[in-house]
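What the sequence shown shows, in full-length UniProt numbering, is residues 1 to 359, in sequence order. We put the CB at the ideal spot given by N, CA and C, even for glycine. Okay, structure first, notes after.
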Amino acid sequence: MLSEEELLKALSSIKDSGSNRSVVDLGWLDQLRINHPKAIVRLNLPSYAQSQRDRIAAEAKRIVESYREISELQIELSNANGQSEIGNAGHGQVSSLQKIPGVKNVIAVSSGKGGVGKSTVAVNLACGLSQKGYSVGLLDADIYGPNTPIMLGVSDKTPEVQGSGAEQKIIPIESFGISMVSMGLLIDDNQPVIWRGPMLNGIIRQFLYQASWGEKDFLVVDLPPGTGDAQLSLAQAVPMSGVLIVTTPQKVSLQDSRRGLAMFKQMNVPILGVIENMSSFIPPDQPEREYAIFGTGGGQVLSEENSVPLLAKLPLEMNTSNGNEEDKPIVFQYPDSKTAKAFERLALSVLEIIETNSN
Ligand SMILES: Nc1ncnc2c1ncn2[C@@H]1O[C@H](COP(=O)(O)OP(=O)(O)OP(=O)(O)O)[C@@H](O)[C@H]1O
Numbered sequence: 001m002l003s004e005e006e007l008l009k010a011l012s013s014i015k016d017s018g019s020n021r022s023v024v025d026l027g028w029l030d031q032l033r034i035n036h037p038k039a040i041v042r043l044n045l046p047s048y049a050q051s052q053r054d055r056i057a058a059e060a061k062r063i064v065e066s067y068r069e070i071s072e073l074q075i076e077l078s079n080a081n082g083q084s085e086i087g088n089a090g091h092g093q094v095s096s097l098q099k100i101p102g103v104k105n106v107i108a109v110s111s112g113k114g115g116v117g118k119s120t121v122a123v124n125l126a127c128g129l130s131q132k133g134y135s136v137g138l139l140d141a142d143i144y145g146p147n148t149p150i151m152l153g154v155s156d157k158t159p160e161v162q163g164s165g166a167e168q169k170i171i172p173i174e175s176f177g178i179s180m181v182s183m184g185l186l187i188d189d190n191q192p193v194i195w196r197g198p199m200l201n202g203i204i205r206q207f208l209y210q211a212s213w214g215e216k217d218f219l220v221v222d223l224p225p226g227t228g229d230a231q232l233s234l235a236q237a238v239p240m241s242g243v244l245i246v247t248t249p250q251k252v253s254l255q256d257s258r259r260g261l262a263m264f265k266q267m268n269v270p271i272l273g274v275i276e277n278m279s280s281f282i283p284p285d286q287p288e289r290e291y292a293i294f295g296t297g298g299g300q301v302l303s304e305e306n307s308v309p310l311l312a313k314l315p316l317e318m319n320t321s322n323g324n325e326e327d328k329p330i331v332f333q334y335p336d337s338k339t340a341k342a343f344e345r346l347a348l349s350v351l352e353i354i355e356t357n358s359n
């Protein structure tokens with residue numbers, strides 16, 4: 001079996017064109033890992049060598065691919081600012097992101113801050129797409145607040161696991177026509193959050209590739225808030241149709257949302273658009289009124305700054321929250337409410353953007 005030492009030796013044949021010295025001797029090879037059948041090569045080139053990045057990446061790719069036992073390669077290149085660029089060395093994809101067999105589109109829902117309504121958006125978008133006749137899966141990777149099982153009324157269910165070892169398959173839970181897998185269904189509620197982080201990368205990959213998703217038009221991924229390992233793991237694993245950034249109207253939360261959005265941009269994941277949640281409050285006894293209790297403009301600013309559409313402004317309605325006893329997403333429970341209508345428009349916009357992007 002190919003060892004990291006052997007691969008290192010082979011990669012040392014790549015030279016800096018200026019000094020004619022090996023990239024390994026120059027310390028430009030930052031990391032090399034083999035996890036059969038996958039190899040990860042991280043290159044950190046100094047600013048004066050940036051013009052050589054495409055050539056060096058291509059040579060590294062050629063060398064790694066000459067080993068037949070390596071079927072998956074991920075090359076990461078740091079730019080002059082030390083920022084990482086994953087899987088894109090200028091000419092086409094170097095990294096081999098791995099598709100999920102049968103799944104046509106992966107859409108992530110992310111936010112800079114917690115509690116802004118990311119899971120609410122993920123669940124209702126999934127339901128909205130399903131209502132339009134598409135087959136939809138929902139992967140809840142939010143280890144800090146895995147709320148989707150409650151929102152879909154399945155918090156008491158445990159997904160079945162079939163087979164053993166590498167052949168093991170998680171059978172998603174079916175609810176409201178959505179196939180879902182959630183951290184919330186697999187972790188012990190009493191387990192401290194700090195222990196969950198290190199499990200994340202492995203679990204996301206397991207959820208992506210070892211769940212029986214079947215044929216799905218869309219897999220909606222509910223990510224934890226922030227710019228952490230989950231975002232990175234997802235973007236490095238699977239090709240994505242894009243990400244939706246959920247924010248609130250307050251300008252004070254913009255900084256977090258900007259950071260979240262910038263991270264995906266840097267990883268070359270298309271930003272489908274921004275969703276402003278809790279845009280206004282609709283009193284239950286005066287459904288015709290709306291109050292901008294959290295201020296206005298956050299979503300608009302974020303969308304304009306990044307030239308991406310503001311896809312929805314969702315009101316704060318009691319019906320949307322889990323206050324309703326039936327644990328039924330609002331698009332099903334109150335299909336005529338303003339929020340449900342806004343989710344329907346959101347689903348249509350997402351469909352349109354993905355259609356346009358794929359042509
Ligand atoms: N537009 C809305 N109207 C009414 N309630 C809402 C709305 N959006 C979210 N909520 C409620 O606010 C709470 C937090 O929402 P949600 O769990 O979707 O946020 P999140 O960003 O996913 O949070 P976390 O960071 O914990 O994952 C939930 O109880 C949800 O029902």
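Exercise for review: Give every residue of the same chain whose Cβ lies closer than 7 Å to the Cβ of A340, excluding the five residues on either side of it in the sequence, and list them in chain order.
Suggested key: I330, V331 and Y334
Check your understanding: Comparing alpha-carbon positions, which option in A39, V121 and L45 lies nearest A108?
Key -> V121
Check your understanding: For G298, which option in S111, G184 and G137 has the closest C-alpha, if you only look at C-alpha atoms?
Key -> S111
**Study point:** Cβ shell of V154 (< 6 Å), same chain only, five flanking positions each side left out
**Key:** I173 and S175
Review point. So, helix, strand or coil for V220, using DSSP?
Key: The answer is strand: DSSP assigns V220 an E or B state.
Practice item. With DSSP collapsed to three states, give me the class of D16. Key: coil
Check your understanding: Taking contact to mean at least 3 C-beta pairs separated by less than 8 Å, is the region 205 to 220 in contact with the region 58 to 73?
Key -> Too few Cβ pairs lie closer than 8 Å, so no.
Review point. Is G153 near ligand 1, going by C-beta to nearest heavy atom under 8 Å?
Key: no
Review point. Taking only runs of the alpha helix (DSSP H) that begin and end inside the UniProt domain "MIP18 family-like" (4 to 66), which ones reach a length of at least 4 residues, in chain order?
Key: 4 to 11 and 53 to 65
Review point. Grouping DSSP H, G and I as helix and E and B as strand, with all else coil, what is P309?
Key: coil
Review point. Cα-Cα, which of N268, V252, L2 and K328 is closest to K113?
Key: V252
Exercise for review: Check whether the Cβ of T227 sits closer than 8 Å to any heavy atom of ligand 1, and report yes or no.
Suggested key: no
**Study point:** Strand pairing of D336, partner residues [DSSP]
**Key:** Partner(s): none; D336 has no beta bridge.
Check your understanding: Start and end of the beta strand (DSSP E) containing T248?
Key -> Following the DSSP letters along the chain, one finds T248 in no beta strand (DSSP E), marked with neither H nor E.
Exercise for review: Go ahead and pull the three-state DSSP assignment for A141.
Suggested key: Three-state DSSP puts A141 in coil, outside helix and strand.
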